[in-house]
Amino acid sequence: MRIVASIVLAGSIGVAPVLGADTGSVCVHQYAPGRECTGNEVRIARIAPVSLVEDCASGDPGTAQAVFRVWVSAGAASQYDIGLFVALDGGSALSGANCLHDYLEPPLETSPAYGDVDGNGRPDLSSGPWWNGEPFDPVDDCGDLEGGTDAIKTLISVRFACADSNLDGIVDFSTCSSWSAGTTSHCTSLGGAVPGGNPRCGCNVVETGVPMPGAAVASGRVAGLTVARDGSGGLLLSWAASCTATDDDYAVYEGTLGDFTSHASVLCSTGGATSATVQPGPGDRYYLVVPRSSQREGSYGTSGAGAERPPATNACVPQLAQGCS
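Going by our numbering, the first residue of the sequence shown is number 14, and it counts up by one from there.
As structure tokens, then:
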């Protein structure tokens, strides 16, 4: 078994934009005035930041900017031509005035390879290609959802209102999803991924994990990560303290060597210690140590090409990284 210890360096996350999404006056009622959205066969189950470009405590008052990842879940039955609506102004994704409208865009595959990247026991497709449940319709380019599966999609960077409808201290979004129950609709682009009737869309409020304005401070980086066997089959990881004084804890992530976006959390806290013992998974593994506070985590380090590694899908807290001199 080979073990790679990665030194974590500071920097910013670069996420490629997803083509096809739209923002502005593109909430549900802009496409379907009066629609009530009474269905629940598809829902946006989770939203989490990939990169928090600007938090609620800084920059433009009352707003922030981030790249989010969304989890779209289907019930027992397969649904088709999935549309996604997220309110960006603190209002309603159903009847509001400023939304993100997105869909499961090409490429599509009739037999995509499912995984379970978030470990929740449900088959999922992460970042596509999405399922094509209508291969007999060559003009239909809107992705579908097989029953009992999730689609995990990274959205474009958006500016959003720092709104907290349930007053729990975390920004939340009004969201809606739309779908077709059968395969007779012809959805050729984003404009076709809209609800065709009240039972063909559903809305809910989803927490984002982004704290409301407060004392949130960006986290930094660690250096000098080393790995040693502890004599009982475990691995002892040791590293230098974070370069940011407000970081008071550390998270440890493990991934499969060769797939450097596969890292997932194995420890969300070391109790502030700069060492930890972990039991390695099977095969060739790599490890990342990320400094954190109660609200933010820092850099995952850089690749050999100097690019920042992306946060884990199951990140312990949202990322807000800063450099250190």
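Glycine residues also receive a C-beta, built at the ideal position from the N, C-alpha and C atoms.
Quick one, are the C-beta atoms of residue i and residue j less than 7 angstroms apart?
i: Val415; j: Phe98; result: Within the shown structure, residues of the chain are numbered from 14 to 338, placing residue 415 beyond reach of any answer.
i: Ser245; j: Cys214; result: no
i: Ala258; j: Val235; result: no
i: Tyr87; j: Leu158; result: Before going on, a small fix: residue 87 reads as Ala here, not Tyr. Contact flag set, yes.
i: Asn211; j: Arg56; result: no
i: Gln78; j: Val63; result: no
i: Val207; j: Tyr44; result: yes
i: Pro324; j: Cys69; result: no
i: Asp102; j: Ala174; result: yes
i: Tyr313; j: Val303; result: yes
i: Pro142; j: Pro120; result: yes
i: Gly186; j: Val223; result: Looking at the sequence provided, one finds Phe at residue 186 rather than Gly. No, these two residues do not count as a Cβ contact at 7 angstroms.
i: Cys329; j: Cys281; result: yes
i: His114; j: Asp243; result: no
i: Ser255; j: Asn327; result: no
i: Leu270; j: Tyr300; result: no
i: Asp137; j: Asp154; result: no
i: Pro295; j: Leu248; result: no
i: Val130; j: Ser139; result: yes
i: Trp84; j: Ala100; result: no
i: Glu118; j: Gly204; result: no
Looking at the structure shown, is residue i part of a helix, part of a strand, or coil, going by DSSP?
i: Ala318; result: coil
i: Pro304; result: strand
i: Val171; result: strand
i: Val41; result: helix
i: Asn217; result: strand
i: Leu203; result: helix
i: Cys329; result: coil
i: Pro212; result: helix
i: Ala79; result: strand
i: Leu97; result: strand
i: Pro62; result: strand
i: Leu249; result: strand
i: Phe186; result: strand
i: Ser278; result: strand
i: Val130; result: coil
i: Pro136; result: coil
i: Asp262; result: strand
i: Glu159; result: coil
i: Val152; result: coil
i: Pro226; result: coil
i: Ser232; result: strand
i: Ala334; result: strand
List the whole-angstrom C-beta distance separating residue i from residue j, where the pair is believed to meet the contact cut-off of C-beta under 8 angstroms.
i: Gly156; j: Tyr116; result: 7 angstroms
i: Ala89; j: Ser38; result: Not quite, the Cβ-Cβ distance comes to about 34 angstroms (not below 8 angstroms), so this is no contact.
i: Ile60; j: Thr274; result: That belief does not hold up - the Cβ atoms of Ile60 and Thr274 are roughly 20 angstroms apart, past 8 angstroms.
i: Lys166; j: Arg48; result: 23 angstroms between Cβ atoms; not a contact.
i: Asp150; j: Thr196; result: 7 angstroms
i: Thr315; j: Arg322; result: 7 angstroms
For residue i, write down the residues that DSSP places opposite it in a beta bridge.
i: Trp143; result: Leu121
i: Asp73; result: Asp73 is not bridged to any residue.
i: His114; result: Asp35, Phe98
i: Tyr313; result: DSSP output for Tyr313 lists no bridge partner at all.
i: Thr269; result: Arg298
i: Val55; result: Ala87
i: Val291; result: Leu248
i: Val240; result: Leu250
i: Ser191; result: Gly96, Cys214
i: Ala106; result: Note: Ala106 sits in no beta bridge, so no partner.
i: Glu67; result: Gln78
i: Ala164; result: Val85, Leu138
Flag residue i as yes if its beta-carbon sits less than 7 angstroms from any beta-carbon of chain B, otherwise no.
i: Ala253; result: Absence of chain B from the displayed structure is noted, only one protein chain being present.
Flag residue i as yes when its Cβ comes closer than 6 angstroms to any non-hydrogen atom of the ligand HEM, and as no otherwise.
i: Leu97; result: The ligand HEM is not part of this structure, which contains no ligands at all.
Would you call the segment 196-213 and the segment 85-96 touching, i.e. three or more CB-CB distances under 8 angstroms?
yes
Report yes or no: do three or more beta-carbon pairs, one from the segment 252-266 and one from the segment 289-302, lie closer than 8 angstroms?
A contact exists between the segment 252-266 and the segment 289-302.
Does the segment 221-235 come close enough to the segment 294-310 to have 3 or more Cβ pairs within less than 8 angstroms?
The segment 221-235, when compared against the segment 294-310, does touch it at the 8 angstroms Cβ threshold.
The segment 116-127 in contact with the segment 179-186 per 3-pair CB rule at 8 angstroms:
no
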